[in-house]
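Numbering (the numbering used here), first residue to last: 250 to 694.
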C-alpha cells in the first residue's frame, strides 16, 4: 500500500529534545515505564493478549513513529511514521525465574528497563511464571516519548476501558523539508515576539531550582558515581491514610511523601555514621493536568528544595510544606527542561553534561510523583491488580531515586538504586516503610 498524504507536523518539543540530549550518554538513556500485574485467570492467553496489544497501539500514533533529525534551518526533530515498523521488535514474552515472587519480578523489570530499545523507543514485555498464576506486563518508554502524564495517557489508551477510535492511515509521508523550514521559521518569529515571556520563564525556572549558583549540598555517601546497573524495590502505602495525614497538617500528599523519603534517607545515613542537616531533592512538576494518546511528549518544570531532616516528623512536614509551596509555582511557570534545553544539548554535544552529572552537588536524590487512575483497570480481560512505576536515567552521582504512582487507592513507591552505591537497599526500603507508618499513624504526623 502506498503511503498516504502527510500528517500534521509532530515536532519534538523543547523538553523532548532536552530529554534526548540528557539521555545521550554511553551509560543509560532516560527511560520510564510501569509494571502492570494482571490477575490472569485460567482462560487468560498470553498470545491473545499480545495480539490485543498489537492492535491497540494503532490508536497511539507515536508508538509507530521514529524521531528524525532535520537539516539546519528546519527546526527540532520530528516524529514520522516508520514504514519498517515491526511489532515483533517491541512486544515479547519472558518467563520469570523461580520462585516467581515480587523480588524476582523486579529483577526482571530492572533487566528490561536497562536493556536495548528498538527504533520506535519502546517495549512491552509479558512476564509469565509468577506466583499465584499472575502475569505481568512491563512497559518501557524512552523518556523522549512521554513524561509521567503522557505515560498515563498511553496506559489509558491500551486498557480494556479505552475507546477504540478508527486508526489513521499508516504509513503517512513525512512533511516536506520546505514545510518544516517554514514552520521552524514561524516558531522562531513567535519566540522573538515574546522576549519578556522567555525571560520571565527563565527567572522562574532559576528560582524554582535554587538559583544559578546555589551553595553546594552536603557531601555524603548518597553521592558517588553510578554505573549502568539498577536494582528495584517497592514500598506501598494506603492513599487514604496518606491523604488524611496531609489534611491534618494543611499540606499535600506529595509533602508527606517527600518528608518520608528524606526521613528514610537521613536514617540510613545515620546508620552509615554520617550526619547531614538537610537533603536536596529534585521534583518534576507537570505543567499540564492531562494528556491524550495523540499528545504525549514532555511538559514539566523542575523544583529543587533542601528539606530539613532534623526535628520531629511533624516539624519536618510543616517546614517541608512551606518550602515546597514556595518553589512549586515558579517550577510550573519556568518549564525548566524546555527553557534550558539548548544548554543541555550543547553540554551533551561536547561531552560536558555527563562530566557535570558525575560531579554535581546540587541534589541528593530525585522524587517523581504521578496521580494515577482511582479505579481498577483491566487489560485483555484481566484486572490490573497493581501498577509499579519504574524509571532509569544517567544519574551521574545520584545513587538512588524514587518513582511514585497512585493506583486504585494504593501508592506504590519504587526505589531505583545503583546496586554498588546502595548495597543496603533492603534496609532503606524498610526504613521508608517505617517513616510512612509514623507519618500516617492516627494523631501523629
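Built from N, CA and C at the ideal position, the CB exists for glycine as well.
Is it the case that the segment 467-484 contacts the segment 660-668, given that we only count it when at least three CB pairs across the two stretches are under 8 Å? yes
Notebook entry, point to check: What is the DSSP secondary structure of residue 559, reduced to helix, strand or coil?
Noted result: coil
Beta-carbon contacts of residue 344 that lie in its chain and below 8 Å, excluding the five residues immediately before and after: 376, 377 and 378
**Report entry** Straight-line Cα distance separating residue 314 from residue 421
**Finding:** 10 Å
Next on the checklist: For the alpha helix (DSSP H) containing residue 512, name the first residue and the last one.
Outcome noted: 502-520
Requested in this report: Output the distance between the C-alpha atoms of residue 526 and residue 534, rounded to the nearest integer angstrom.
Outcome: About 25 Å.
Range covered by the beta strand (DSSP E) that runs through residue 650: 649-656
- Query: Between residue 487 and the rest of its own chain, which residues show a CB-CB distance below 8 Å, the 5 nearest in sequence each way excluded?
  - Reply: 658, 659, 660 and 689
Environment of residue 496 [buried if 16+ CB atoms lie within 10 Å]: Around the CB of residue 496, fewer than 16 other CB atoms lie within 10 Å, so the residue is classed as exposed.
Local Cβ density within 10 Å of residue 673, reported as buried at 16 or more and exposed below that
Note on residue 673: under 16 other CB atoms within 10 angstroms of its CB, so exposed under the neighbour-count rule.
Within the continuous alpha helix (DSSP H) that includes residue 301, where are the two ends?
295-305
Review point. Between which two residues does the beta strand (DSSP E) containing residue 374 stretch?
Key: 371-377
Discussion item. Whether or not the segment 377-392 and the segment 277-287 are in contact is what I'm after, with contact meaning three or more pairs of Cβ atoms, one per stretch, closer than 8 Å; do they touch?
Written reply: At 8 Å Cβ cutoff, the stretches touch.
Q) Nearest-angstrom Cα distance between residue 562 and residue 517? A) The straight-line gap separating the alpha-carbon atoms of residue 562 and residue 517 is approximately 16 Å.
Margin query: Does the structure place the segment 257-268 close enough to the segment 620-628 that three or more beta carbon pairs sit under 8 Å?
Written below: no
Assuming residue 530 and residue 614 are in contact, meaning their beta carbons sit under 8 Å apart, how far apart are those beta carbons, in whole angstroms? 6 Å
Q | Sequence ranges, beta strand (DSSP E) only - wholly within the segment 303-390, length at least 3 | A | 314-317, 327-330, 340-344 and 371-377
* Name the DSSP bridge partner or partners of residue 529? -> Bridge partners of residue 529: 555.
key: Collapsed DSSP secondary structure at residue 638 in the structure displayed   = In the structure shown, residue 638 sits in a strand (DSSP, three-state: E or B).
Cβ of residue 408 within 8 Å of Cβ of residue 387? no
Subject >> DSSP-derived helix/strand/coil call for residue 583 >> reply: Residue confidence for residue 583 is low, a pLDDT of 45 falling below 50, so the modelled location carries little weight; the figure read from the coordinates is stated next. Helix, per DSSP.
**Item:** Closest Cα partner of residue 651 within the set 635, 631, 677 and 669
**Value:** Nearest C-alpha to residue 651: 677.
Given that a residue counts as buried once 16 or more other Cβ atoms are within 10 Å of its Cβ, and exposed if not, what is residue 506?
-> Label assigned to residue 506: buried.
Exercise. Following the continuous beta strand (DSSP E) through residue 485, name the residue where it begins and the one where it ends.
Key: 480-487
Legend entry - For residue 618, the three-state DSSP class (helix, strand or coil): strand
| query | Would you call the segment 317-335 and the segment 427-439 touching, i.e. three or more CB-CB distances under 8 Å? | reply | yes
Between the CA atoms of residue 556 and residue 511 - distance to the nearest angstrom: 7 Å
Which residue from 465, 565, 310 and 298 puts its Cα closest to that of residue 610? 465
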